[in-house]
Amino acid sequence: MNLNLEGARVIITAGAGGIGRAIVEAFVAEGARVATCDIDETALASLPEAVFRQIVDVSDETALQGFVDAAIGALGGLDCLVNNAGIAGPTARIEDIDAAAWRRTLDIVLTSQYLTVARAVSALRRSANPSIINLSSVAGRVGFAMRTPYAAAKWGVIGLTKSLAIELGGDGIRVNAILPGLVAGDRQRRVLEAKAQQRNQSFAEVEAEAFRFTSIREYVPPEAIAAQILYLASPQGRFVSGQAISVCGDTRMLA
Numbered sequence: 001m002n003l004n005l006e007g008a009r010v011i012i013t014a015g016a017g018g019i020g021r022a023i024v025e026a027f028v029a030e031g032a033r034v035a036t037c038d039i040d041e042t043a044l045a046s047l048p049e050a051v052f053r054q055i056v057d058v059s060d061e062t063a064l065q066g067f068v069d070a071a072i073g074a075l076g077g078l079d080c081l082v083n084n085a086g087i088a089g090p091t092a093r094i095e096d097i098d099a100a101a102w103r104r105t106l107d108i109v110l111t112s113q114y115l116t117v118a119r120a121v122s123a124l125r126r127s128a129n130p131s132i133i134n135l136s137s138v139a140g141r142v143g144f145a146m147r148t149p150y151a152a153a154k155w156g157v158i159g160l161t162k163s164l165a166i167e168l169g170g171d172g173i174r175v176n177a178i179l180p181g182l183v184a185g186d187r188q189r190r191v192l193e194a195k196a197q198q199r200n201q202s203f204a205e206v207e208a209e210a211f212r213f214t215s216i217r218e219y220v221p222p223e224a225i226a227a228q229i230l231y232l233a234s235p236q237g238r239f240v241s242g243q244a245i246s247v248c249g250d251t252r253m254l255a
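Going left to right, the sequence shown walks through residues 1 to 255 as our numbering numbers them.
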């Protein structure tokens with residue numbers, strides 16, 4: 001399928017590694033013009049040369065807004081915003097979670113999405129094919145014990161997405177959320193390791209329990225997330241909006 005993304009102008013937050021890097025590379029392969037930010041200077045430097053990049057902590061409002069402005073200027077406009085930035089947050093019982101860790105998780109996972117959309121929406125209104133794709137999580141659909149800051153933020157992303165889809169639909173801007181499940185990579189491994197430590201279990205035991213509630217008992221490759229996002233950003237995805245789309249192998253519960 002020709003996705004007709006040649007020359008599309010795309011901003012992707014946290015694009016230097018993991019899911020974000022897969023999204024950046026997928027858009028570049030389609031001939032899109034891409035801008036991204038990250039806190040990892042070394043990983044940013046290894047991205048394809050044509051990618052516009054800045055070192056940014058998305059919890060820093062001024063820095064994030066400055067990046068969006070600079071990216072739109074470098075790209076000459078904007079057709080697609082992909083809000084990928086996030087952190088795992090603490091793994092602990094609710095009474096043991098530090099309030100500062102709670103706030104930082106929400107700042108990075110949820111508030112950063114509000115900030116980028118608010119800054120980018122004027123440019124998106126001038127696009128012939130405007131879209132916003134927000135990264136939520138299956139934790140934003142089923143909840144996640146001992147990961148309450150993360151789950152609360154990811155539920156918030158879905159509320160933000162559905163509200164924006166209604167608000168911006170009249171401007172022709174479609175807004176969707178992607179809900180990854182157990183995604184292959186270092187971040188997922190660290191999450192399971194933290195849970196194993198909390199429960200005094202082995203990594204293998206925690207991993208087996210996680211897959212017990214998933215029909216397709218495999219880690220989701222980041223490229224599968226990127227492929228779904230490409231479709232939503234393409235003209236073929238024009239009539240898909242306000243949706244929370246799971247790419248999770250049918251995960252029914254996060255234990």
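Where a beta carbon is used, it is the ideal one built from N, C-alpha and C, also for glycine.
- Here the C-alpha atom of Ala14 lies approximately 24 Å from the C-alpha atom of Val240.
- Distances from the CA of Thr111 to each of Ser136, Asp250, Gly17, Leu3 were compared; the closest alpha carbon is that of Ser136.
- In the DSSP assignment, Leu135 is bridged to Ile178.
- Rounded to the nearest angstrom, the gap between the Cα atoms of Gly140 and Val183 is 15 Å.
- For Val117, the enclosing alpha helix (DSSP H) has its first and last residue at 112-125.
- Taking a C-beta distance under 7 Å as the contact criterion, Ala244 and Ala177 qualify as a contact pair.
- Distance between Arg212 and Lys195, taken at the CA atoms: about 16 Å.
- The stretch 109-128 makes contact with the stretch 66-78, as at least three CB pairs between them are under 8 Å.
- The C-beta distance from Ile133 to Leu232 rounds to 5 Å, short enough to fall under 8 Å.
- Your pair Ile11 and Ala35 checks out as a contact, with CB atoms roughly 5 Å apart and the cut at 8 Å.
- Per the C-alpha coordinates, the member of Glu205, Gln113, Gly169, Asn4 positioned closest to Ile158 is Gln113.
- The C-alpha of Asn84 lies about 6 Å from the C-alpha of Gly20.
- Under a 10 Å Cβ-count criterion, Arg147 is classified as buried, with 16 or more other Cβ atoms of the shown protein chains found around its own Cβ.
- Taking all protein chains in view, the Cβ of Phe27 is crowded by 16 or more other Cβ atoms within 10 Å, so the residue is classified as buried.
- Put simply, of Gly17, Val24, Thr251, Asn2 the residue whose alpha carbon is nearest the alpha carbon of Val142 is Thr251.
- For Ile39, the secondary structure class from DSSP, reduced to helix, strand or coil, is coil.
- Cβ atoms of Ser234 and Leu3 come within 8 Å of each other, at about 4 Å.
- Counting only runs that start and end inside the stretch 72-114, the alpha helix (DSSP H) elements of at least 4 residues fall at 99-106.
- With 16 or more other Cβ atoms inside 10 Å of its own Cβ, Ala71 counts as buried.
- Secondary structure at Gln243: coil, using DSSP grouped into helix, strand and coil.
- A distance below 7 Å separates the beta carbons of Gly18 and Gly185.
- In the structure shown, Ile55 falls within a strand segment according to DSSP collapsed to helix, strand and coil.
- The closest CA to that of Gly7, considering only Ala22, Arg33, Ala16, is found on Arg33.
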